[in-house]
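Counting in the numbering used here, the final residue of the sequence shown is number 647, and the numbers go up one at a time with none missing.
Okay, structure first, notes after.
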Amino acid sequence: MSTSLTEFKDASTIAQKKPEEFWGKIAQQFQWKKPWTKVLDYDFLKPEVKWFLEGKLNITENCLDRHLSTQPDKTAILFEPNNPDEPSQHISYKELHQRVCQTANMLIANGAKKGDRICIYMPMVPELAISVLACARIGAIHSVVFAGFSVKALSARMNDASCNMLLTSDGGYRGAKTIALKEIADEALLSCPSVNCCIVFQRTNQNVAWNPIDKWWHEEIEKVGSDCPATEMDSEDPLFVLYTSGSTGKPKGLVHSCGGYMVYTAYTFKNVFQYTDNDVYWCTADIGWITGHSYIIYGPLANGATSMMFEGVPSYPDYDRFWEVCAKHKVNQFYTAPTAIRALQKHPTSLVEKHDLSSLKVLGSVGEPINDEAWHWYDKNIGKHKCPIVDTWWQTETGGILISSLAGVTPQKPTYATLPMPGIQAALLDNEGNELEGENEGILAIKQPWPSIARTIYGDHERYRQVYFSAYPGYYYPGDGALRDAEGNYRITGRIDDVVIVSGHNLGTAPIENALNEHPNVVESAVVGFPHDVKGNALQAFVIARTTADDIVILKNELRALVSKTIGPIAKPDRVQVVSGLPKTRSGKIMRRILRKLAAGEYDQLGDVSTLLNPEVVEEIKRQNN
Ligand code: WTA
Numbered sequence: 022m023s024t025s026l027t028e029f030k031d032a033s034t035i036a037q038k039k040p041e042e043f044w045g046k047i048a049q050q051f052q053w054k055k056p057w058t059k060v061l062d063y064d065f066l067k068p069e070v071k072w073f074l075e076g077k078l079n080i081t082e083n084c085l086d087r088h089l090s091t092q093p094d095k096t097a098i099l100f101e102p103n104n105p106d107e108p109s110q111h112i113s114y115k116e117l118h119q120r121v122c123q124t125a126n127m128l129i130a131n132g133a134k135k136g137d138r139i140c141i142y143m144p145m146v147p148e149l150a151i152s153v154l155a156c157a158r159i160g161a162i163h164s165v166v167f168a169g170f171s172v173k174a175l176s177a178r179m180n181d182a183s184c185n186m187l188l189t190s191d192g193g194y195r196g197a198k199t200i201a202l203k204e205i206a207d208e209a210l211l212s213c214p215s216v217n218c219c220i221v222f223q224r225t226n227q228n229v230a231w232n233p234i235d236k237w238w239h240e241e242i243e244k245v246g247s248d249c250p251a252t253e254m255d256s257e258d259p260l261f262v263l264y265t266s267g268s269t270g271k272p273k274g275l276v277h278s279c280g281g282y283m284v285y286t287a288y289t290f291k292n293v294f295q296y297t298d299n300d301v302y303w304c305t306a307d308i309g310w311i312t313g314h315s316y317i318i319y320g321p322l323a324n325g326a327t328s329m330m331f332e333g334v335p336s337y338p339d340y341d342r343f344w345e346v347c348a349k350h351k352v353n354q355f356y357t358a359p360t361a362i363r364a365l366q367k368h369p370t371s372l373v374e375k376h377d378l379s380s381l382k383v384l385g386s387v388g389e390p391i392n393d394e395a396w397h398w399y400d401k402n403i404g405k406h407k408c409p410i411v412d413t414w415w416q417t418e419t420g421g422i423l424i425s426s427l428a429g430v431t432p433q434k435p436t437y438a439t440l441p442m443p444g445i446q447a448a449l450l451d452n453e454g455n456e457l458e459g460e461n462e463g464i465l466a467i468k469q470p471w472p473s474i475a476r477t478i479y480g481d482h483e484r485y486r487q488v489y490f491s492a493y494p495g496y497y498y499p500g501d502g503a504l505r506d507a508e509g510n511y512r513i514t515g516r517i518d519d520v521v522i523v524s525g526h527n528l529g530t531a532p533i534e535n536a537l538n539e540h541p542n543v544v545e546s547a548v549v550g551f552p553h554d555v556k557g558n559a560l561q562a563f564v565i566a567r568t569t570a571d572d573i574v575i576l577k578n579e580l581r582a583l584v585s586k587t588i589g590p591i592a593k594p595d596r597v598q599v600v601s602g603l604p605k606t607r608s609g610k611i612m613r614r615i616l617r618k619l620a621a622g623e624y625d626q627l628g629d630v631s632t633l634l635n636p637e638v639v640e641e642i643k644r645q646n647n
């Protein structure tokens, strides 16, 4: 671990000059069933990336078994339930190991085997983390779908990976609400013929319908023992698929492999958060997102850390829940999203001051650019100016953090993710793909692979090539813009494609448009993001209606409900505007750039609209909004 600026600089130099030596040395700290023969093989043009070639391992041995001799009784997962009156759970490494093995046996007993795809659609209960690790134990590829997603989003993901099995629960708690997960899963399963077994964990005890493929978790688990040897995996075997939004309606299933992912998530966890032995670390993300995969489960457990899992929401039972929980469990590292900070900063600081936050040592931010005001509020009220803030930039595709300061070790700069991690060769490009030097603004690109880069898009390697490696050959293209200061610090300015980050969630506009277009009254639609003071961005849908809807209010409500039902509540547009046409080029392409300006109210920055096929619709939209 780099604990000083000099060590960090040395690590960066070695990682740049001799990446194989650098990563090989780090990888040696793990338990391999068979050593690798070569550290790295890659060609970004193909693209093909392989790390720790021919090495054999099982990631769960590194996350669990390895700690049994040294710290069996240390808490691995600290579970804090949604309801503050329900007791928290301290699950030790020994207990977690036992429960993962038993769950793995339950999966095997129900027909699961190495290479199968198992979809996990569960609330934030320990069994979600246990399911993930149980899949990894037997070499089944887990595909976790965020429990806030709805029917279509779930079925599309299960079908894309031809999942064999679904692990879900009767329902889930989210603040004062209960979510009927099994009901959503049942509807999704109607169009997922590949799934032949559905194991249901009981969380809320609500009534559920029962189908021939359904089995109760608590009944199945009783039938098996807890001795389960870890399946030997090749370093490059897939560990999991995780979907993220793209610029088409079809979600992209990013595939991460076993060896490189383990090494990089563990390395970055330790270095970025400067985790030390007895710390209690809390990442508030949901395991349904990459942040939860890498920095609630794999990174922390590979380091033998105590990782907290929180089932609830920051506003329940009141807007001080985060701070109450930090004080209750004496949290040392706290990692959350700017949207949560912005939502909480709207409430009186007395809600923070009520709680003793003196245990906090490090604060983290992830998922979207953190604005200056939120950064300073976080620093002052939560960190009391004593906790370094790590602003971590990365993606589902990158598997782990690529740009961030190391807490208290490298300099921080408000709103800047700061410096690339050792081994990350970041660059700024102009539109033609020329590298920009020094202080500048441009398109962010990465020059060389790091161990946890996604290896492909499930079932569609060509799309993987096109999306990430074709725009600027020889580089990985993340789809973000950035600026760089004279010291080499990066500030991420936001997406430069059709993905909008709403409350830290990546949303593609295409699937939302597809959902809107399913309404019998909709001819065509276009969805864009606009700035929002809490969510970062919110969505505006421009919709052409088939008939002049008698009641536009009803239509708008129906459309919002339709998006919520098909994709999930997070994708619901804040604004729906019924228009008679959408601005289009002469070749018929919707000019989203103009719609984005209109949604943001930046009427003086529309640029030249005279080349449009139908410039009059721009005037109409402006008029409607005035
Ligand atoms: C954005 C989340 C600015 C970015 C880990 C990226 C950020 C997308 C930051 C990936 C940050 C993430 N500063 N922007 N610290 N972290 N982003 O796949 O646009 O859910 O491309 O991964 O979130 O979102 P994803």
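Don't be surprised by glycine CBs; every beta carbon is placed ideally from N, CA and C.
Open item on the list: What does the alpha-carbon distance come out to for the pair Ala32 and Arg476?
Closed with: On the sequence shown, residue 32 is found 11 positions in, with the first residue counted as 1. On the sequence shown, residue 476 is found 455 positions in, with the first residue counted as 1. Approximately 25 Å, taken between the alpha carbons.
Open item on the list: Following a CB-centred definition, is Ala395 positioned closer than 7 Å to any heavy atom of the ligand WTA?
Closed with: Position 374 of the sequence shown, counted from the first residue, corresponds to residue 395. Flag unset: Cβ of Ala395 not near the ligand WTA.
TODO: Using alpha carbons as the reference points, say which of Gly45, Asp64, Val597 lies closest to Pro56.
DONE: Your numbering for residue 56 matches position 35 in the sequence shown. Per the Cα distances, Gly45.
- [ ] Throw me the rounded Cβ distance for the Leu117 and Ile98 pair, which I believe falls under 8 Å.
- [x] Here residue 117 corresponds to residue number 96 of the sequence shown, with the count starting at 1. Here residue 98 corresponds to residue number 77 of the sequence shown, with the count starting at 1. Sure, about 6 Å apart at Cβ, within 8 Å.
TODO: Would you identify the three-state DSSP class for Tyr63, choosing helix, strand or coil?
DONE: Within the sequence shown, numbered from 1, the residue matching residue 63 stands at position 42. Strand.
TODO: If I'm right that Tyr496 touches Phe29 with Cβ under 8 Å, what's the distance once you round it to whole angstroms?
DONE: Numbered from 1 along the sequence shown, position 475 holds the residue referred to as residue 496. Numbered from 1 along the sequence shown, position 8 holds the residue referred to as residue 29. The pair is not a contact, with the Cβ atoms about 24 Å apart (cut-off 8 Å).
- [ ] With a floor of 3 residues, list each beta strand (DSSP E) that falls wholly inside the stretch 92-135, ordered by position along the chain.
- [x] 96-101, 110-113
Open item on the list: Is any non-hydrogen atom of the ligand WTA found closer than 7 Å to the C-beta of Ala130, if you look at the structure I gave you?
Closed with: The residue labelled residue 130 in the question sits at position 109 within the sequence shown. False, no ligand heavy atom lies under 7 Å from that Cβ.
Open item on the list: Less than 8 Å between the beta carbons of Glu545 and Ile565, yes or no?
Closed with: Counted from its first residue, the sequence shown places residue 545 at position 524. Counted from its first residue, the sequence shown places residue 565 at position 544. Yes, the Cβ-Cβ distance between Glu545 and Ile565 is below 8 Å.
Task: Counterpart residues of Gly193 in DSSP-defined beta bridges - done: Within the sequence shown, numbered from 1, the residue matching residue 193 stands at position 172. In the DSSP output, where bridge partners are listed per residue, Gly193 has Ile200.
Task: Extent of the continuous beta strand (DSSP E) run through Ser145 - done: By one-based count along the sequence shown, residue 145 stands at place 124. A small correction: the amino acid at residue 145 is Met; Ser does not occupy that position in the sequence shown. Element bounds for Met145: n/a, residue is neither H nor E.
Task: Cβ-Cβ separation, Pro40 to Gln17 (assumed contact under 8 Å), whole Å - done: This structure cannot settle anything about residue 17, because the visible part of the chain is limited to 22 through 647.
Open item on the list: Taking CB distances under 8 Å as the criterion, tell me whether Glu75 reaches chain C.
Closed with: Among the chains in the structure shown there is no chain C, since it carries only a single protein chain.
Task: Residue from Pro147, Gly193, Tyr498, Cys219 with nearest C-alpha to Met179 - done: Within the sequence shown, residue 179 is the residue found at index 158, counting from 1. The shortest C-alpha separation from Met179 is found at Cys219.
Task: At least three beta-carbon pairs within less than 8 Å, the stretch 431-449 to the stretch 493-511 - done: yes
Open item on the list: What does the alpha-carbon distance come out to for the pair Glu208 and Leu202?
Closed with: Counting from one through the sequence shown, the residue named residue 208 turns up at place 187. Counting from one through the sequence shown, the residue named residue 202 turns up at place 181. If I take the Cα positions, the gap works out to 10 Å.
Task: Identified DSSP bridge partners for Pro369 - done: On the sequence shown, position 348 is the one that residue 369 refers to. DSSP lists no partner for Pro369.
Open item on the list: Given the structure, does Ser386 come close to the ligand WTA, in the sense that its CB is under 7 Å from one of the ligand's heavy atoms?
Closed with: Start at 1 with the first residue of the sequence shown, and residue 386 comes out as number 365. Checking every heavy atom of the ligand WTA against the Cβ of Ser386, one is found closer than 7 Å.
Open item on the list: For Ser113, tell me which candidate among Ala326, Glu453, Thr34 has the shortest Cα-Cα distance.
Closed with: Against the sequence shown, residue 113 aligns to sequence position 92. Closest option to Ser113, Cα to Cα, is Ala326.
Task: Alpha-carbon spacing of Gln645 relative to Gln354, whole angstroms - done: Looking up residue 645 in the sequence shown gives position 624. Looking up residue 354 in the sequence shown gives position 333. Distance between the alpha carbons of Gln645 and Gln354 is about 48 Å.
- [ ] Reducing DSSP to helix, strand and coil, say where Asn558 ends up.
- [x] As a position in the sequence shown, residue 558 is number 537, starting the count at 1. Here Asn558 sits in strand by DSSP.
Open item on the list: Taking 8 Å as the threshold (C-beta atoms), are Leu260 and Ile676 in contact?
Closed with: Nothing in the structure corresponds to residue 676, since the chain is present only between 22 and 647.
Task: Cα-Cα separation, Lys577 to Glu534 - done: In the sequence shown, residue 577 corresponds to position 556, counting from 1. In the sequence shown, residue 534 corresponds to position 513, counting from 1. Rounded to the nearest angstrom, the two C-alpha atoms are 14 Å apart.
Open item on the list: Does the distance between the C-beta of Arg516 and the nearest non-hydrogen atom of the ligand WTA fall short of 7 Å?
Closed with: Within the sequence shown, residue 516 is the residue found at index 495, counting from 1. Flag set: Cβ of Arg516 near the ligand WTA.
TODO: Say yes only if the C-beta of Asp572 is nearer than 7 Å to one or more non-hydrogen atoms of the ligand WTA, and no if none qualify.
DONE: As a first step, residue 572 must be located in the sequence shown, where it is residue number 551. No, the ligand WTA has no heavy atom inside 7 Å of this Cβ.
Open item on the list: Could you check if Glu462 belongs to the surroundings of the ligand WTA, using beta carbon to heavy atom distance under 7 Å?
Closed with: Translated into the one-based positions of the sequence shown, residue 462 becomes position 441. Not under cutoff, so the answer is no.
Task: Run of the beta strand (DSSP E) containing Glu69, from where it starts to where it stops - done: For the purposes of this step, residue 69 is identified with residue 48 of the sequence shown, where counting begins at 1. Run containing Glu69: 69-74, per the beta strand (DSSP E) assignment.
Open item on the list: On the criterion of 16 or more Cβ atoms from any shown chain inside 10 Å, does Arg614 qualify as buried, or is it exposed?
Closed with: Against the sequence shown, residue 614 aligns to sequence position 593. So Arg614 ends up on the exposed side.
- [ ] Verify whether the separation of the beta carbon atoms of Val520 and Leu560 is less than 8 Å.
- [x] Working through the sequence shown from its first residue, we reach residue 520 at position 499. Working through the sequence shown from its first residue, we reach residue 560 at position 539. For Val520 and Leu560, no; Cβs fall outside 8 Å.
Open item on the list: I'd like to confirm something about Gln52: is its beta-carbon nearer than 7 Å to some heavy atom of the ligand WTA, or not?
Closed with: By one-based count along the sequence shown, residue 52 stands at place 31. The answer is no for Gln52.
Open item on the list: Could you check whether Leu457 and Leu450 sit closer than 8 Å to each other, using their CB atoms as the reference points?
Closed with: For the purposes of this step, residue 450 is taken as residue 429 along the sequence shown, with counting starting at 1. For the purposes of this step, residue 457 is taken as residue 436 along the sequence shown, with counting starting at 1. In contact: Leu450 and Leu457 (Cβ atoms closer than 8 Å).
Task: Three-way DSSP call (helix, strand, coil) for Cys84 in this model - done: Numbered from its first residue, the sequence shown carries residue 84 at position 63. Three-state result, Cys84: helix.
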